[in-house]
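Some notes on the structure that comes next.
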Amino acid sequence: MNYRRLGRSGLRLSELSFGSWVTYGNQMNESVARECMAAAHDAGVNFFDNAEVYAKGRSETIMGDALRKLGWRRASYIVSTKFFWGLYDGTNEKNTLNRKYLMQAIDGSLSRLGLDYVDIAFCHRADPETPIEETVRAMSDMIAAGKAMYWGTSEWSAGEIASACEIAERHHLHKPVTEQPQYNLFHRERVETEYARLYDDFGLGTTTWSPLASGLLTGKYHAGVPADSRAAIKGFEWLAERILEPTRLAKVQSLVPIAQELGCTLAQMSIAWCVRNPHVSTVITGASRPAQVEENMRALDIVAKLTPDVLARIDAIVASDAGVNFFDNAEVYAKGRSETIMGDALRKLGWRRASYIVSTKFFWGLYDGTNEKNTLNRKYLMQAIDGSLSRLGLDYVDIAFCHRADPETPIEETVRAMSDMIAAGKAMYWGTSEWSAGEIASACEIAERHHLHKPVTEQPQYNLFHRERVETEYARLYDDFGLGTTTWSPLASGLLTGKYHAGVPADSRAAIKGFEWLAERILEPTRLAKVQSLVPIAQELGCTLAQMSIAWCVRNPHVSTVITGASRPAQVEENMRALDIVAKLTPDVLARIDAIVAS
1 MNYRRLGRSG LRLSELSFGS WVTYGNQMNE SVARECMAAA HDAGVNFFDN AEVYAKGRSE
61 TIMGDALRKL GWRRASYIVS TKFFWGLYDG TNEKNTLNRK YLMQAIDGSL SRLGLDYVDI
121 AFCHRADPET PIEETVRAMS DMIAAGKAMY WGTSEWSAGE IASACEIAER HHLHKPVTEQ
181 PQYNLFHRER VETEYARLYD DFGLGTTTWS PLASGLLTGK YHAGVPADSR AAIKGFEWLA
241 ERILEPTRLA KVQSLVPIAQ ELGCTLAQMS IAWCVRNPHV STVITGASRP AQVEENMRAL
301 DIVAKLTPDV LARIDAIVAS DAGVNFFDNA EVYAKGRSET IMGDALRKLG WRRASYIVST
361 KFFWGLYDGT NEKNTLNRKY LMQAIDGSLS RLGLDYVDIA FCHRADPETP IEETVRAMSD
421 MIAAGKAMYW GTSEWSAGEI ASACEIAERH HLHKPVTEQP QYNLFHRERV ETEYARLYDD
481 FGLGTTTWSP LASGLLTGKY HAGVPADSRA AIKGFEWLAE RILEPTRLAK VQSLVPIAQE
541 LGCTLAQMSI AWCVRNPHVS TVITGASRPA QVEENMRALD IVAKLTPDVL ARIDAIVAS
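Heads up: the sequence shown at position 40 corresponds to 40 in UniProt numbering, and the numbers run straight through without jumps.
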């Protein structure tokens with residue numbers, strides 16, 4: 001067992017921990033609970049999570065009795081509990097974080113647990129009616145009174161956590177050191193996106209819950225709800241309804257072969273996937289029998305097997321339901337590796353070939369030989385398409401792009417080669433990428449004159465800071481030749497996310513070795529200032545700057561599709577929500593955006 005610091009605190013938690021939600025008092029009695037805790041402790045687990053509301057207080061009582069009978073040294077384990085929902089219906093006794101409730105709640109929990117203190121006291125939800133400062137002061141005083149060592153939040157928004165931290169720092173109080181959010185393959189956005197700045201700004205740790213998505217990621221629900229499962233418990237009918245959602249069940253089944261290749265269960269792979277995130281301090285697991293505890297612990301052996309390729313395949317499955325049907329690639333991306341990864345993912349996803357569109361691009365080449373790079377001559381193109389199809393594992397690509405124009409090869413030679421590629425069934429259409437309007441027009445005219453396949457699309461960069469080609473240079477091509485566009489870089493290489501205002505984040509594209517030129521371009525002061533000026537407009541629209549920037553591209557009728565990128569499914573989902581913003585880009589909003597960009 002490895003141990004991680006809880007954020008920037010000095011407290012060290014086991015990578016896997018043991019929680020009591022649902023199972024204590026519902027699926028197990030005190031003796032089984034004690035056996036499960038003993039099995040976890042024997043495996044190196046030192047953190048045991050609870051909450052006042054679990055089994056209406058019974059969960060704390062069961063854990064307290066087990067701890068007493070196990071006789072462990074108090075210094076050797078960490079116990080948490082959580083407050084908000086309450087146990088009684090009286091005023092100030094439920095759904096609150098006011099001082100009176102919190103001070104009463106901690107005493108009740110300590111009595112049920114049979115402890116003098118808990119190590120971490122969580123605020124189980126945010127309370128919109130109690131001032132955050134009142135809650136922060138109460139939690140800080142709880143620590144000062146020796147009833148808790150640290151405090152944290154659970155399912156608070158990033159803004160609420162930041163406010164609590166800022167209040168604590170301003171008044172020299174104990175700030176929350178951790179957040180307890182749900183985190184699993186189907187619930188990622190908070191941990192991976194919303195809380196991103198809190199890790200550095202406040203040293204926030206996370207004790208994540210539900211790594212198996214309430215059991216969905218065990219795979220046991222594919223034939224319905226087993227009688228001994230959590231979703232079969234009285235009062236948890238809502239859980240069964242959520243778990244049996246057909247799209248998610250299908251994704252779970254698609255994940256099973258990956259787990260089998262790794263030599264583990266789907267549950268172990270899913271837990272390992274959570275552990276592999278460095279911002280996760282501990283993953284809270286649950287179990288209703290000791291054998292299940294031991295099985296969960298073996299997930300730690302799988303973490304090292306989650307290579308970038310495996311993670312990409314997992315992500316492709318999880319993110320497959322956003323309605324996207326076009327997947328763009330290029331021979332040169334990652335020196336051919338990108339096509340191989342996409343091909344493997346497509347094969348394992350098992351989608352009908354007719355249901356999706358794949359493109360690739362040729363020009364830069366993979367090798368240094370003559371006729372193998374920086375060319376669009378016939379020999380190179382015919383070799384390149386065969387190589388790409390082999391790496392992609394496809395019989396054809398839907399669109400083959402010429403990645404740049406080639407001033408040394410006659411355009412007619414390129415047009416004939418691309419047309420023959422289509423005639424041979426290796427591509428359905430062809431297009432250009434970053435060609436001038438004159439070069440595209442010449443290719444179209446040659447094709448029309450010789451009755452060949454002409455380019456149907458251009459793939460140009462298009463974003464708020466790179467507009468002229470799409471909006472001006474290509475203007476006549478849309479009518480003259482029916483040109484479409486598959487635009488790239490809607491976020492200007494990440495600049496329009498707003499994340500570069502304080503420099504280059506360590507996990508950003510601009511921090512990658514070999515991309516120093518990108519950092520230099522992104523950190524240009526004038527553009528950074530414009531980006532900051534755009535943020536308030538996005539906030540008024542109720543979206544992120546990235547979503548507004550993508551929506552801005554979509555709103556152009558000459559844009560056939562906007563190619564987005566993501567390094568995790570939560571980011572895919574965030575990008576997709578940009579479509580909800582397009583209708584909000586009124587002429588007035590667009591004018592305000594233009595005024596900032598053109599200033």
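All residues carry an ideal CB built from backbone N, CA and C; glycine is no exception.
How many angstroms separate the CA atom of GLY286 from the CA atom of GLN268?
Here the question's residue 286 lines up with position 286 in the sequence shown. Here the question's residue 268 lines up with position 268 in the sequence shown. About 13 Å.
So, is SER76 buried or exposed, given that buried needs 16 or more other C-beta atoms within 10 angstroms?
Mapped onto the sequence shown, residue 76 falls at position 76. Burial call: exposed.
Just mark LYS335 as buried or exposed, buried being the case when its beta carbon has 16 or more other beta carbons within 10 Å.
For this step, residue 335 is matched to residue 335 along the sequence shown. Looking at its Cβ environment, which holds fewer than 16 other Cβ atoms inside 10 Å, LYS335 is exposed.
What three-state label does DSSP hand HIS558 in the structure shown?
Counting from one through the sequence shown, the residue named residue 558 turns up at place 558. Coil.
Here's a check: name, in chain order, each residue in its chain whose Cβ is nearer than 6 Å to the Cβ of SER140, leaving out the five neighbours to either side.
The residue labelled residue 140 in the question sits at position 140 within the sequence shown. Once the five neighbours on either side are set aside, the close Cβ partners of SER140 are LEU173 and HIS174.
Is the Cβ-Cβ distance between VAL136 and HIS171 less than 9 Å?
As a position in the sequence shown, residue 136 is number 136, starting the count at 1. As a position in the sequence shown, residue 171 is number 171, starting the count at 1. Yes, they are a contact pair.
Along the alpha helix (DSSP H) that carries ARG73, what are the first and last residues, could you check?
The sequence position of residue 73 within the sequence shown is 73, counting from 1. Looking at the DSSP string, ARG73 is not in any alpha helix (DSSP H), and its letter there is neither H nor E.
Just to check my reading of the structure: VAL283 and SER17 have Cβ atoms closer than 8 Å, yes? What is that Cβ distance to the nearest angstrom?
Position 283 of the sequence shown holds residue 283. Position 17 of the sequence shown holds residue 17. Yes, they are in contact, since the Cβ atoms of VAL283 and SER17 sit about 7 Å apart, within 8 Å.
Helix, strand or coil for GLU202 per DSSP?
Translated into the one-based positions of the sequence shown, residue 202 becomes position 202. Sequence check: residue 202 is Phe here, not Glu. It is helical.
Measuring alpha carbon to alpha carbon, tell me which residue in ASP65, VAL53, TRP72 and GLY64 is nearest GLY44.
The residue labelled residue 44 in the question sits at position 44 within the sequence shown. Taking only the C-alpha atoms, the option nearest GLY44 is TRP72.
Work out the CA separation of LEU376 and THR370 for me, nearest whole Å.
Along the sequence shown, one-based indexing puts residue 370 at 370. Along the sequence shown, one-based indexing puts residue 376 at 376. In a straight line, the C-alpha of THR370 is about 12 Å away from that of LEU376.
What is the C-beta distance between THR61 and ARG112, in whole angstroms, given that I count them as a contact (C-beta under 8 Å)?
As a first step, residue 61 must be located in the sequence shown, where it is residue number 61. As a first step, residue 112 must be located in the sequence shown, where it is residue number 112. With 8 Å as the limit, THR61 and ARG112 qualify as a contact, their Cβ atoms being about 5 Å apart.
Does the pairing of the stretch 426 to 437 with the stretch 346 to 356 give three or more beta-carbon distances under 8 Å?
Contact between the stretch 426 to 437 and the stretch 346 to 356 is absent, because fewer than three Cβ pairs lie under 8 Å.
Between which residues of its own chain and TYR199 is the CB-CB distance below 7 Å, once the five residues before and five after are set aside?
Your numbering for residue 199 matches position 199 in the sequence shown. Answer for TYR199: HIS279, listed in chain order.
Are at least three pairs of beta-carbons, each pair with one atom in the stretch 465 to 483 and one in the stretch 540 to 547, less than 8 Å apart?
Verdict: no, contact absent.
Using the three-state DSSP reduction, which class does ARG353 fall into: helix, strand or coil?
Here residue 353 refers to the residue found at position 353 of the sequence shown. In the structure shown, ARG353 sits in a helix (DSSP, three-state: H, G or I).
Quick check on this structure: which residue in HIS450, CYS444, ARG467 and TYR462 has the alpha carbon closest to the alpha carbon of VAL456?
The count along the sequence shown starts at 1 and reaches residue 456 at position 456. Per the Cα distances, CYS444.
LEU599 to ALA492, Cα distance in whole Å?
Counting from one through the sequence shown, the residue named residue 599 turns up at place 599. Counting from one through the sequence shown, the residue named residue 492 turns up at place 492. In the sequence as displayed, the identity of residue 599 is Ser instead of Leu. Taking the straight line joining both Cα atoms gives about 18 Å.
Enumerate, from N- to C-terminal direction, the unbroken alpha helix (DSSP H) stretches of 4 or more residues contained entirely within the stretch 344 to 399.
Qualifying alpha helix (DSSP H) stretches, in chain order: 378 to 392.
Between LYS251, ILE120 and ALA441, which has its C-alpha nearest GLN180's C-alpha?
For this step, residue 180 is matched to residue 180 along the sequence shown. When each option's Cα is compared against that of GLN180, the closest is ILE120.
What number of angstroms, rounded off, separates the C-alpha of ALA583 from the C-alpha of ALA538?
Within the sequence shown, the letter at position 583 stands for residue 583. Within the sequence shown, the letter at position 538 stands for residue 538. About 13 Å.
Assuming ILE302 and LYS251 are in contact, meaning their beta carbons sit under 8 Å apart, how far apart are those beta carbons, in whole angstroms?
Position 302 of the sequence shown, counting from 1, holds the residue named residue 302. Position 251 of the sequence shown, counting from 1, holds the residue named residue 251. No, ILE302 and LYS251 are not in contact; Cβ-Cβ is about 19 Å, not under 8 Å.
Would you call LYS56 buried or exposed, if buried means 16 or more other Cβ atoms sit within 10 Å of its Cβ?
To locate residue 56, count along the sequence shown from 1; it is residue 56. Exposed.
Where do the N-terminal and C-terminal ends of the alpha helix (DSSP H) with VAL53 fall, by residue?
Along the sequence shown, read from residue 1 onward, the residue named residue 53 stands at position 53. Segment: none, VAL53 is in no alpha helix (DSSP H) and carries neither H nor E.
Report the residue ranges of all beta strand (DSSP E) runs contained in full by the stretch 519 to 596; include only those spanning at least 3 residues, in chain order.
Segments of the beta strand (DSSP E) lying fully in the stretch 519 to 596: there are none.
For residue 615, collect the residues of the same chain with a Cβ closer than 8 Å to its Cβ; drop the 5 residues on either side in sequence, then sort them by chain order.
A question about residue 615 goes unanswered here, because the residues of the chain that appear run from 1 up to 599.
Does DSSP classify ASN98 as helix, strand or coil?
Here residue 98 corresponds to residue number 98 of the sequence shown, with the count starting at 1. DSSP places ASN98 in coil when its eight states are reduced to three.
Is the CB-CB distance between PHE401 and THR561 below 9 Å?
Within the sequence shown, the letter at position 401 stands for residue 401. Within the sequence shown, the letter at position 561 stands for residue 561. No, the Cβ-Cβ distance between PHE401 and THR561 is not below 9 Å.
Looking only at its own chain, which residues have a Cβ that is under 7 Å from the Cβ of TYR474, when we skip the five neighbours before and after it?
On the sequence shown, position 474 is the one that residue 474 refers to. ALA437, GLU458 and LEU483.
Using DSSP with H/G/I as helix, E/B as strand and the rest coil, what is GLY286?
Sequence index remark: in the sequence shown, residue 286 carries index 286 (1-based). Coil at GLY286, not helix or strand.
Looking only at its own chain, which residues have a Cβ that is under 7 Å from the Cβ of SER270, when we skip the five neighbours before and after it?
On the sequence shown, position 270 is the one that residue 270 refers to. Closer than 7 Å at Cβ, skipping near neighbours: ASN184, LEU185, PRO211, LEU212 and LEU217.
Taking the straight line between their C-alpha atoms, what separation do you get for LEU585 and TYR54?
On the sequence shown, residue 585 is found 585 positions in, with the first residue counted as 1. On the sequence shown, residue 54 is found 54 positions in, with the first residue counted as 1. Computed Cα separation, rounded: 46 Å.
Mind checking which residues open and close the alpha helix (DSSP H) that includes CYS123?
Numbered from 1 along the sequence shown, position 123 holds the residue referred to as residue 123. Premise fails: CYS123 lies in the beta strand (DSSP E), 118 to 123, not in any alpha helix (DSSP H).
So, for PRO176: in the same chain, excluding its five sequence neighbours on each side, which residues have a beta-carbon less than 6 Å away from its beta-carbon?
If you number the sequence shown from 1, residue 176 lands on position 176. TRP151, GLY152, THR153 and ALA164, listed in sequence order.
Along the beta strand (DSSP E) that carries ILE78, what are the first and last residues, could you check?
Within the sequence shown, residue 78 is the residue found at index 78, counting from 1. Counting along the chain, the beta strand (DSSP E) containing ILE78 begins and ends at 78 to 83.
When the Cα of LYS379 is compared with those of SER390, THR409 and VAL358, which residue comes out closest?
For the purposes of this step, residue 379 is identified with residue 379 of the sequence shown, where counting begins at 1. Comparing Cα positions, the closest option is THR409.
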